[in-house]
Each structure stands twice: as structure tokens, then as C-alpha cells.
Amino acid sequence: MKGKLNSEPLEVIESHGVSRREFLKYSAAMAALLGISEFEFATKIAQAMESASKKPPVLWLEGQDCAGCTISFTQILNPPATAILLDKISLRYHETAMAAAGHLAEKVYRDTLRKGGYVLVVEGSVPSAEDRFCIIGGRTFKTILEEAAQKAGAIIAVGACAAYGGIPAATPSKGIGLDKALPGKAVINLPTCPVHPDHLAGTILYILTTGKVPPLDNIGRPLIYFSESIHDNCRRRAHFDANEFLEDWNDPGQREWCLAKKGCKGPLTNSDCPIRRWNDGINFCIDCGALCMGCSQPEFYGDMAPLYTAESEVSKRIFAMKEAGLFKRENS
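The opening residue of the sequence shown carries number 3 in this note's numbering; numbering runs sequentially from there.
So, in C-alpha cells, the structure goes:
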């Protein structure tokens, strides 16, 4: 009968672990809310489930993090995050973004682990001083991570914390990145704090379209995003070469001068920030008057601090290298 549920969509739904009674009750309420028939609603859900089962599964875990990388990714505009999440991948598990909770969320997670071949995205560092610094659902994050990494088709560390330890590395937990937490595992590192949404989207789509890991540098970063230094593409570079360094923020004459004496780490930081920029290409740290904190480097945060002076170990290295003539342009 028109508008009534037949067995076909229900069979698809049952295959995903949802009982007929539960689904009929749910679909009746939702169909009434949407102003459509129960049959139409069930068919759409079944189609969505079938479609999702054919997309590459993605598990997104969070350790010692602030969820900043998640927020950054959701702000991508070209393509929008919704297009990636709904059309390109099947995001099976993400504590911050998923609607499911409790045993239902855990079941999806376990089923995906069992089948293997998923893309594992990890946000946040792993405590090395004591595993109990980060516990999720009664289990240490280290245990969860090691379990998830076993059958992963690809592992992506998003953000400075997951890649090399980041800010938690300078805390009592002594956070470490996946390179140390998962020795022997191939990890794609997408540092910066937070991760640039283009870096993550581009890496995932590269893996999905080629079936391969993108070419990486010697610390696991995709060369397409991290092969050049901030310094080489900085509009203040000429002032660095001319020894014109900003020392007084209140002097208009120094406004465009190099920020190295204020702690800028651009000369020893590799990322395409000056070219790709942030917030859909609007700006990046140095162009808006701030300095580069070096958040794409393994030394971030500890060896980059203090951030706003030239007293850090990295800043001292920058000026020693300049004195030795190591930053001269090839054509100069």
C-alpha cells in the first residue's frame, strides 16, 4: 500500500543493527515532523546507509587536545566540510561531531575496527609521563590509539599536538606525537596549530583518489604543503636581509620591518601559510602583524618559547645562522 513500509528498506536498516520496532517508532515520529510518509523517510535512510557503506571509513580520535583542529576543519569553504563529510567519506566515529552516544557509538567504532582498512585521523597528543593523564571511557588513550592503529589503512596526525607533542609536551603529562607513540607505524603528519583545513582535506582526498600516501619530508609532512619555509615567502623578507628589525611596536616607521627580534620563527619554519593563507585565503599570522610561532615544527612549543622575544633557543639559532650568512638568497 502506498505510504506504508515494505520489507526492502527495513532489511537494509536491520543489517545495520537497528531493530524494526525501534526504527518504525522513530520513523513515524520523524516522518510526521518532516511532513512525509513513513515509506519515503525509511527509503531515504536506507539509501543513505547503503551509500555510506561504500565510502572510505574514517575514524577520528581525540587525545590531549582542545578540539581546535576539529573546529578548523569544519571552517573549510572550498570544498565545504559538509561536502567532504557527506559525499566523499564515511565519518564513522568522532567524539566531538557525532550524534550517536553510548553503546551505539561504540558498536560502530568496534565494527569499523574489526573490518579494518579505515583512515585513522588522530587529534591531540599522547601522555608519556603517565597513561592516566588521558582516559576515555575508562581506557587510556594510549591503549585506544594502539588498538585503532593496528588495522588502519592510513594514519594521519592532525595538528601540532598529534604530530610532535605540541603544547602538551611542555606540561607535566609530557605529551608526545604519533611518531613516538606508534613506533614503526607510517604516520602522515599535518602539524600547525590548529591544522590547516586544506592540508587535511587535500591529504584525505589524495589518499582516496590515488590509494597512496603523498610524498613526505623527513619528518612525515606532505611535501606539497611543507617544502618551503615561511621566511622564503614572507613579504618582510627584504627587511630581514637589510637588517631592519622591528623593535618598537609604536614606531610607524618600523611597521613593515622583520619581526625576528620580536620572536618570529619563520626562518626555521616550513609551511605554505604565506601562500595558502588562512580563513579561505584571507590572512596569516605575519601579515596581520603577529609573528610566526613555528607551530609546524617538532620544536613547538617548548623550544619555541618564549614566543614574543628573541630569547628562545630557536631564535638564537636563527640569528647565529644569519651571522654565518646561511640565509642569503641564491641570486644575491
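A virtual CB, placed ideally from N, CA and C, is assigned to each residue, including glycine.
Small disclaimer: the values here were computed from a predicted structure and weren't measured.
- Boundaries of the beta strand (DSSP E) around Glu-125: 121 to 125.
- Straight-line measurement puts the Cα of Val-124 at about 18 Å from the Cα of Arg-116.
- As DSSP reads the structure, Glu-64 sits in a beta bridge with Glu-125.
- The bridge partners DSSP lists for Asn-191 are Ala-159.
- Inter-residue distance for Asn-285 and His-105 is about 43 Å (C-alpha atoms, whole angstroms).
- Apart from the 5 residues on each side of it in sequence, Ile-169 sits with its Cβ closer than 7 Å to the Cβ of Cys-163, Tyr-303 in its chain, given in chain order.
- For the 8 Å CB-CB criterion, Ala-156 and Val-110 do not form a contact.
- Counting along the chain, His-241 sits inside the alpha helix (DSSP H) bounded by residues 239 to 243.
- The DSSP-derived three-state label of Cys-297 is coil.
- DSSP places Tyr-303 outside both helix and strand once states are collapsed to three, so it counts as coil.
- Under DSSP, Pro-58 forms no beta bridge with any residue.
- Bounds of any beta strand (DSSP E) do not take in Leu-248, whose DSSP letter is neither H nor E.
- Taking the C-beta atoms as reference points, Ala-183 is found nearer than 8 Å to Leu-147.
- For the set Arg-237, Leu-192, Leu-63, Thr-311, the Cα lying nearest the Cα of Cys-260 is the one of Arg-237.
- The stretch 193 to 200 makes contact with the stretch 68 to 83: 3 or more CB pairs, one atom from each, lie closer than 8 Å.
- Annotated three-state conformation of Thr-114 is helix, per DSSP.
- With the rule of 3 Cβ pairs closer than 8 Å, the stretch 209 to 216 does not count as touching the stretch 281 to 298.
- Looking at the DSSP output, Pro-216 sits in no beta bridge, so it has no partner there.
- Beta-bridge partners of Leu-79 (DSSP): Pro-82.
- Shown here, Thr-72 sits in a helix according to DSSP, grouped into three states.
- Annotation for Ser-317: the continuous alpha helix (DSSP H) segment containing it runs 315 to 325.
- When Ala-292, Val-160, Leu-87 are compared, the shortest CA-CA separation from Lys-264 is found for Ala-292.
- When secondary structure is reduced to three states using DSSP, Ile-138 falls in the strand class.
- Comparing alpha-carbon positions, the option among Ser-273, His-241, Pro-82 lying closest to Tyr-227 turns out to be Ser-273.
- The C-beta distance from Phe-143 to Val-160 rounds to 15 Å, too long to meet the 8 Å contact threshold.
- Secondary structure of Pro-185 (DSSP, three-state): coil.
- Asn-281 is not bridged by DSSP to any residue.
- Using a 10 angstroms sphere on the CB of Asp-219, the tally of other CB atoms stays under 16, which defines it as exposed.
- Taking 8 Å as the cut-off, the beta carbon of Thr-114 is found no closer than this to the beta carbon of Leu-63.
- Cα atoms of Ile-178 and Gly-255: separation of roughly 43 Å, rounded to the nearest angstrom.
- Using a 10 angstroms sphere on the CB of Gly-222, the tally of other CB atoms reaches 16 or more, which defines it as buried.
- Assigned with DSSP and collapsed to three states, Ile-178 falls in strand.
- In the structure shown, the three-state DSSP call for Pro-254 is helix.
- The Cβ atoms of Ser-92 and Pro-193 do not sit closer than 8 Å to each other.
- In the DSSP assignment, Leu-88 falls outside any beta strand (DSSP E), carrying neither H nor E.
- About 6 Å separates the CB atoms of Leu-210 and Pro-58; that is less than 8 Å, so the two are in contact.
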